[in-house]
Structure formats: structure tokens, C-alpha cells
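Visitor: Pasting a structure here, questions to come.
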């Protein structure tokens, strides 16, 4: 596996082992910062393509605004992305993830910290596109509409405070599952730690309402292009029973793109007849 590449906003490539963050950076000691991540892959013509580049930069800006961080230096992040793509060996690693990071900076002052990091897409993410994922349902502790009304809980922001999400993924793995979908106290399906849920119910593609849920760029892509396949995506309140009784379901994310849900807490799910269409639409 290729080593990660690190770029600063002036477009320079820095050794990933070289320290660029102070020990008192608030992104490190308090998770006070935001990030976004986008897939980069070698296209059919051999040229690299940064997927939904502008949409990810837009979401980084929205996340920064929610946390009242300085507006990201968009031109600087563009320079960093271009430098990483130019330096990457797509022959060795044809798919990679670029993470755009912005923190509040050192606690003692001095301004924000910003950089971009490029690493190979994990082998498990690539495998899960083909074999699917076995998921478990876990409680999240807040209803979506409650979170949406509490701006201090940062609804809609992709913040660096990801420890709960990662703990949920570890809990799932320890119990033999690949991934998680969160459930609200009222019993409504929400999102995964790093993914969005889409359910096929009688030929209708449904996804949970977006109250308190991070906007998914991959879902936006699907919603925009689904009519070309005679499909539409609708937002509805969904329960665990809706998922278990569905004709199929998927988890969508920027890196993995699309992974079919094979089972829910051990109960198998069928393969939706629309699975090939979604794979075409998302270029899986």
C-alpha cells in the first residue's frame, strides 16, 4: 500500500511524518475542527478524477460556518488537491481518499490549521462494494428533529469530533457486523456513522428525513441522476421494521460509494432489483 501524501495550502507536498500541528491544536485536544473527504480515482481514459470536488468544498465551508470557524481558504485547498493528485501514483493505487482538514488552531492563538491528506482507499471499502455489508442497529440518544433544534450539537456539520461514530463501528465489528445504522429514541432510522441509508420499499427508493443528519453528497448524486433510470428518491420517516421488510437496502458514502445491506442484526435482506441501476448511477 502506498504511503499517505500530505499537502499544505500553498500547494507544497510535505513528508507525512513531518510535524505540522502544535500539541495544543484545538483540533487535536478538543476535536474542534471540521473535515471533508472525497474519492479520487483513475478514469477510463487514465486521467484522475476528483469526485464531486466542488460539492465537498461547499460542504467544508458549511461545516466551518456551523462551528464558527474561519472560512476555508478555498483556493488554497484547490492548490493542495491539485498537488496531491499530481504526485499520486495511480498505477499502484487507482483509488484514493483526500481528506480536507480545518481546525481552530493552537489554543494560545495564531490562526487556523489547514491541510489535505491523501491515502489509498481501504481494501475493505472496495470489497464491501461487491459483497455488501451486514449491519446492526444501534441507538443514538437523540431524535433527528431534536438535534436539528440544538445548534450546539452541530447538526449538519462534518466535525472532527468523530469518536462516537468510530466507537459504534468498533462495537459492530466486535459483534460480527460490518457497519451500523443509528436509530432515534422514537424508533426512527437515522444514518450510519459514515454513511447514508437508502431503502427499496416496493420499488420506491426511500431515505430517512434529513433532520439532524449530515447532508450526503453521494445521496445528492443519486437523487439528481435517478430519474434517468426511471427512479426517484424520497425522504420519509422509516422504522427498523421498514428496513427489515424492504426489498433491499444500501449504505452510501463518498469513499465506498455503494454497499448493499445483506442483513440487519442477522436477518437476511434480499437483493433489490434496482441494485444494478444504482451501481450504474454511482459508477461503482
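In the numbering used here, the protein residues as written are 2 to 285. A virtual CB, placed ideally from N, CA and C, is assigned to each residue, including glycine.
#1: If residue 184 sits next to residue 138, beta carbons under 8 Å apart, how far is it from one beta carbon to the other, in whole angstroms?
#2: Below 7 Å CB to CB, which residues in the same chain sit around residue 276 once its five sequence neighbours on both sides are set aside?
#3: Going straight from the alpha carbon of residue 251 to that of residue 48, what length do you get?
#4: Are the CB atoms of residue 127 and residue 108 within a distance shorter than 9 Å?
#5: State the beta-bridge partners of residue 14 as determined by DSSP.
#6: What's the gap between the Cα of residue 221 and the Cα of residue 112?
#7: Should the segment 156 to 174 be called in touch with the segment 52 to 71, which here means at least 3 C-beta pairs below 8 Å?
#8: Rounded to the nearest angstrom, what separates residue 217 and residue 197 at their Cα positions?
#9: Residue ranges of each beta strand (DSSP E) run of no fewer than 3 residues wholly in the segment 201 to 258, ordered along the chain?
#10: Would DSSP call residue 21 helix, strand or coil?
#11: I'd like to know whether the C-beta atoms of residue 219 and residue 254 end up nearer to each other than 9 Å.
#12: I'd like to know whether the C-beta atoms of residue 285 and residue 259 end up nearer to each other than 9 Å.
#13: Would residue 141 be called buried (16 or more neighbouring beta carbons within 10 Å of its own) or exposed?
#14: State yes or no: is the C-beta of residue 29 within less than 9 Å of the C-beta of residue 86?
Guide: Based on what the coordinates show:
#1: Between residue 138 and residue 184 the Cβ distance is about 5 Å, and since that is below 8 Å, they are a contact.
#2: 249, 261
#3: 29 Å
#4: no
#5: 8
#6: Using only the alpha carbons, I get a separation of about 33 Å.
#7: Yes, they touch.
#8: 7 Å
#9: The qualifying runs are 205 to 209, 234 to 237, 249 to 254.
#10: coil
#11: Cβ atoms of residue 219 and residue 254: closer than 9 Å.
#12: yes
#13: buried
#14: no
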